Amino acid sequence: MIEIEEYIKLGEFNRLEFYKEVDFGIYLRSQEEEDEVLLPLRYVPAGIQMGDTIDVFVYSDSEDRYVATTEKPYRKLGEFGNFEVVDTSKFGAFVDWGLMKNLFVPLSTQKRNLEKGDFVIGKIKYDEKTDRLYLDAKIGRNIEPAEDLKENYEVEILVLAKTPLGFKVIVNDKFEGMIYENEIFEKVRVGDRRKAFVKLNREDGKLDLSLTPIGQSRDAAYDKVLSILEEQKELPLNTKSDADDIKKLVGVSKKAFKSVVNRLKSEEKIEVNEEVIRLK
């Protein structure tokens, strides 16, 4: 027997039982039989039978009634996301989170006044007083000291901001981390969500991260430079070239580039002079 939820959970995916049909949809219930929610007709799957179970996301409609949908929001309760502002009012803003009803961002949770067309990073939270979901864009109060995550532990990150050192990120929807500029060999943008790996769990409760498994960063830079040389046959660079030129042409740091060039020289795969590096 497929288990259904004990109680209906707002802002979460729920597995519920179809137990009543009406003109405008079907009602679903949890194990607590008085706990029910409407799945509007537009979302009712063809062929569903009384007693079947179905996975739905539960949120509240424009009249603050719980309602179910088979659509998937971009993020759910307790998760951070990067959302587009689609409307504003004197009380706050509204962002598109992938559902028919937009998600509210109260003025009190905004770091700056949001305008239509802006993108904002925030965490989806629950207000017990109003029984509503909302977006909290004040990041700092939603960050916890990092747990005892070991080196090379795989995590999920949301890129939060560009800094002089690199990119500040949110880790596993809880912690703060940093990916350093000189260790980035690919395009990274604010709002990106991707996998990363723990390099160091710092004493201040923050994490240093890498986009590649620890120990593979050197090989990643090597493979990238060699691949470019195999395609272009030569590069107008040498180990004394400007760091910005190196980053622009091959996408690695100067330190990594020098290490790769020295390795390729020792392997007798390249010739180097003051003007170019040439594949043998």
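Going by our numbering, the sequence shown opens with residue -9, and the numbers climb by one from there. All C-beta atoms in this analysis are idealised placements derived from N, C-alpha and C, irrespective of residue type, glycine included. Quantities reported herein were computed from a predicted structural model and do not represent experimental measurements.
Asked                                                                                                                                                : Found
Just tell me which of 228, 165, 216 has its CA closest to the CA of residue 259.                                                                     : 216
Smallest Cα separation from residue 303: which of 190, 12, 18?                                                                                       : Missing from the structure shown is residue 303; the chain here goes from -9 to 270 and no further.
In terms of residues, what are the limits of the beta strand (DSSP E) holding residue 79?                                                            : 70 to 79
With a threshold of 8 Å, are at least 3 pairs of Cβ atoms found where one atom belongs to the region 92 to 111 and the other to the region 60 to 77? : yes
Looking only at C-alpha atoms, which of 57, 26, 147, 106 sits nearest to residue 79?                                                                 : 106
Expressed to the nearest angstrom, what Euclidean distance is found between the alpha-carbon atoms of residue 179 and residue 29?                    : 37 Å
When the distance is taken between beta carbons, is residue 22 closer than 8 Å to residue 53?                                                        : no
Specify, as a first and last residue, the run of the alpha helix (DSSP H) that residue 236 falls within.                                             : 233 to 240
Which word fits residue 92, buried or exposed, when buried means at least 16 other C-beta atoms lie within 10 angstroms of its C-beta?               : buried
Tell me whether residue 178 sits in a helix, a strand or coil according to DSSP, three-state version.                                                : coil
Does the contact criterion of 3 or more C-beta pairs under 8 Å hold for the region 36 to 56 versus the region -3 to 16?                              : yes
Name the two residues that bound the continuous alpha helix (DSSP H) containing residue 276.                                                         : Any answer about residue 276 is impossible in this case: the structure gives the chain only from -9 up to 270.
For residue 139, which option in 190, 97, 175 has the closest C-alpha, if you only look at C-alpha atoms?                                            : 190
At what residue ranges does the region 129 to 211 contain a whole run of the beta strand (DSSP E), taking only runs of 3 or more?                    : 144 to 152, 156 to 161, 165 to 170, 183 to 191, 197 to 200
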